[in-house]
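Contents: one structure, followed by commentary.
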Amino acid sequence: MGIERALPDRKSKQLCELPNDTNTNSKSRKNRRRQKKMSPVQRLFDTCKEVFASAGTGIVPPPQDIEKLRAVIDAITLEDAGLKPEMPYFRMNASQRTPRITYLHIYECENFSMGIFCLPPSGVIPLHNHPGMTVFSKLLFGTMHIKSYDWVVDFPSDTPTIFKPSETVQTPEVRLAKIKVDADFTAPCNPSILYPADGGNMHCFTAVTACAVLDVLGPPYSDPEGRHCTYYLNYPFSHFSVDGINVAEEERKDYEWLQERENLEDIEVVGGVYSGPKIAER
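Residues are numbered in the working numbering as their position in the sequence shown, beginning at 1, plus a constant of 96.
Below you can see the structure in the form of structure tokens.
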């Protein structure tokens, strides 16, 4: 920028230009040195601040910004975040009824949040949604099973996709969803990106081995703004029969019914202290 700004102001005497060029080159070298010293977590913060500058419910950053943030997240390692596989977060305690999951809070503001989930073997983050949010997840180490869904909103039938059981059943309503991903992933692997309406906005994490997941949300959950975290139970397509909704036999495995749940006795998430590189809010 310094060079571009100087071009229109060039003077006829070359000697007057030389000091400006020298200063510009010096500043450029200093900037490059600063970038080399910048921690990956700081680079992540700076990029999130830029990409989510106009964050809001349902607002998806432009494709070029999505790619920029994806590349920054993809480059982050477990060590960059100050973590090691032998840390207690990743071990199962025999006295625990369910595997304890630790969340390391890195940063949160009204536009985005950054954090790391640490899971011991068999740890589960139950199926949940991300309403109106764009979510980046990066598996930092280990093997994890991910199952994700998108709501069915254009099902070719005369009946809505929301099904309310009869009063005699006394169960919450269920809604049809299509399975987006149902597979094991082992680090290193590409980050996953979930969008407000597609990409697998609802997902479940199950630790096949001890693992860690970097999570970036834009914008973060906010009850006052209607971005509630809702958990779900999932049922095979054949579990419910709904008039007007028919799926070919060979495609039924791709659809499931999701039902809101309130009882979360099968999960224990505790907060941990993030001990990685500090972030400078500039």
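Here a beta-carbon is modelled for each residue, glycine too, at the ideal position from N, C-alpha and C.
Comparing C-alpha distances from Leu165 to each of Lys234, Lys374, Pro316, Ala293 shows the shortest one belongs to Lys234.
Rounded to the nearest whole angstrom, the CA to CA distance from Leu272 to Gly295 is 16 Å.
Less than 7 Å divides the Cβ of Gly372 from the Cβ of Gly178. Secondary-structure assignment with DSSP links Leu329 through a beta bridge to Gln355.
Taken through DSSP and simplified to helix, strand or coil, Ser334 comes out as helix. For Tyr203, the three-state secondary structure derived from DSSP is strand. Nearest to Trp247 by C-alpha distance, out of Tyr327, Lys276, Cys325, is Lys276.
Separation of Pro184 and Thr198 (C-alpha to C-alpha, rounded to the nearest whole angstrom) is 10 Å.
Following the DSSP letters along the chain, one finds Glu364 inside the beta strand (DSSP E) bounded by residues 364-368. As a beta-bridge residue in DSSP terms, Tyr245 pairs with Ile275, Met298.
DSSP, read as helix, strand or coil, puts Lys164 in helix. Judged by DSSP secondary structure, Phe237 falls within the beta strand (DSSP E) whose first and last residues are 230-237.
Within the DSSP bridge table, the entry for Ile197 names Val365 as partners.
Counting only residues of its own chain and dropping the five nearest sequence neighbours on each side, Pro216 has a CB closer than 6 Å to the CB of Phe186, Arg187, Met188, Pro195, Ala306.
Comparing alpha-carbon positions, the option among Cys285, Gly211, Phe336, Thr230 lying closest to Ile375 turns out to be Gly211. The beta carbon of Phe237 lies closer than 7 Å to those of Leu174, Pro181, Ala283, Cys307, Ala308 in the same chain, with the five residues before and after it left out. Secondary structure of Phe213 (DSSP, three-state): strand.
Of the candidates Cys205, Ile202, Arg193, Val156, the residue whose Cα lies closest to the Cα of Gly228 is Val156. When DSSP states are grouped into helix, strand and coil, Thr143 belongs to the helix group. Closest by C-alpha distance to Cys205, out of Gly367, Leu313, Glu345, Glu352, is Leu313. Closest by C-alpha distance to Ile363, out of Ser334, Leu223, Leu354, is Leu223. If you draw a straight line from the Cα of Cys285 to the Cα of Gly219, it is about 20 Å long.
Annotated three-state conformation of Phe148 is coil, per DSSP. In this structure, Thr326 lies near Asn225, with their beta-carbon atoms less than 7 Å apart. According to the DSSP assignment, Ser288 belongs to the beta strand (DSSP E) that extends over 288-290. The C-alpha of Thr230 lies about 14 Å from the C-alpha of Ser244. Leu329 is positioned such that its CB atom lies no closer than 7 Å to that of Arg348. For Tyr317, the CB contacts under 6 Å within the same chain, skipping 5 residues up- and downstream, are Arg323, Cys325 in chain order.
With a threshold of 16 other beta carbon atoms within 10 Å, Ser191 falls short and is exposed. The Cβ atoms of Trp353 and Val249 do not sit closer than 7 Å to each other.
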